[in-house]
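Residues -23 to -1, 1 to 246 (mature numbering (1 follows the signal peptide of the UniProt record, and there is no 0)) are what the sequence shown spells out, left to right. Quick notes on the structure that follows.
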Amino acid sequence: MTDRRRFLLGGAAVLAGIAGTLAACGADDTVGIVTGGTFRSRYRHAATGWTIARPAGHAHDRLPVLVALHARGGDHGAVFTNLRLDRVLADVVGSGTAPFAIASVDGGDHEYWHPRRGTDPAGMVVHEFLPLLARHDLDTRRVAFIGWSMGGYGALYLATVLGRGRVAALVAESPAMWHRAGQRVEGSFDDDADFDRHAVLPRASRLDGIPARISCGDRDGFRYVVTDLRARIRPRPAGGIEPGGHDDAYWRSQLPADLRFAGRHLARP
């Protein structure tokens, strides 16, 4: 069965098994409201935390959603505590970007956001997390993805699976990718065959037509493969090779442009 069929068939069968627990995590009249909870994922076989941030004044609106995929070693909360996505969201919406929500979810320390032995975090996103977001009054008919490092790869991979009909925009910062299986870091793929099945470069044409912003720091070891990826996609992605390394400081420097890009395309019908 192809990757696309694996993801698009049978998602409704797991909806009844999600036990999402909503809990208010924090609110600020200027930043917005952040809520979250946990469900037991049948795809990851693990308790899976999640967070939703909405801009101030839009707590009850049916907003489009940007799904945020964390880096290796992170979790759903790290994109807010380390990158302060909720505050950047407030800033860009306050300066005129159409409002949208940001939702993050646990993808495991090094599960790398693709189907593999014993876990399937990508299947969790498609068949469990997106339906959960819809039940929380977010518009998931077309979504955007953003990710950093491991999550940048995940954003690219999920976009190749869901395609133009479902993905409104894609933002990948410093995506953790390699040209060949032998270059991969330990834990990123089960084996060479797993790498070959799920590598993004050979399937880059599946990203054609999806509005994309793909960037990497000029001191980042991934800059060469990112340059290659950018050259394979049509139209050419926004972003580029920018001053910086593979770290939160660089990713924070890109966030305003990243969120404005995602918001602009989420607002389009």
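Glycine residues also receive a C-beta, built at the ideal position from the N, C-alpha and C atoms.
Cβ-heavy atom distance, residue 31 to the ligand COA, below 7 Å: No copy of the ligand COA occurs in the structure displayed, which carries no ligand at all.
7 Å CB neighbourhood of residue 217 in its chain, flanking five on each side removed: So the qualifying residues of the chain are 192.
List the DSSP bridge partners of residue 122. 44, 147, per the DSSP bridge assignment.
Can you find the residues in the same chain that come closer than 6 Å, C-beta to C-beta, to residue 187, ignoring five residues on each side of it along the sequence? Excluding positions up to five away in sequence, the list reads 136, 141, 144, 147.
Rounded to whole angstroms, what's the CA-CA distance from residue 238 to residue 121? Just pull it up for me. Between residue 238 and residue 121, the C-alpha separation is close to 10 Å.
Count the other CB atoms, across all protein chains shown, that sit within 10 Å of the CB of residue 88; report buried if there are 16 or more and exposed otherwise. Around the C-beta of residue 88, 16 or more other C-beta atoms lie within 10 Å, and the residue is accordingly described as buried.
So, helix, strand or coil for residue 23, using DSSP? Strand at residue 23.
By a C-beta neighbour count over all protein chains shown, 10 Å radius and 16 as the cutoff for buried, is residue -1 buried or exposed? Because residue -1 carries a pLDDT of 36, less than 50, the predicted location of this residue cannot be relied on, and the following value inherits that uncertainty. Classified as exposed, residue -1 has fewer than 16 neighbouring CB atoms from the shown chains inside 10 Å of its CB.
Coil, strand or helix - residue 105 by DSSP: It is helical.
Who does residue 16 pair with in a DSSP beta bridge? Residue 16 has 25 as its beta-bridge partners, per DSSP.
Determine which residues share a DSSP beta bridge with residue 224 and list them. Answer by DSSP bridge pairing: none, since residue 224 is not bridged.
Of the listed residues 183, 14, 173, 220, nearest to residue 132 (C-alpha basis): Cα-wise, what sits closest to residue 132 is 183.
Let me make sure I understand the geometry here. Which of 196, 241, 12 has the alpha-carbon closest to that of residue 215? Among 196, 241, 12, the Cα nearest to that of residue 215 belongs to 241.
Here's a check: name, in chain order, each residue in its chain whose Cβ is nearer than 6 Å to the Cβ of residue 42, leaving out the five neighbours to either side. Only 78, 80, 110, 115, 120 meet the Cβ criterion.
4-residue-minimum alpha helix (DSSP H) runs that sit fully inside the stretch 33 to 95, ordered along the chain: Within the stretch 33 to 95, the runs of alpha helix (DSSP H) at least 4 residues long that lie entirely inside it are, in chain order, 55 to 58, 62 to 71.
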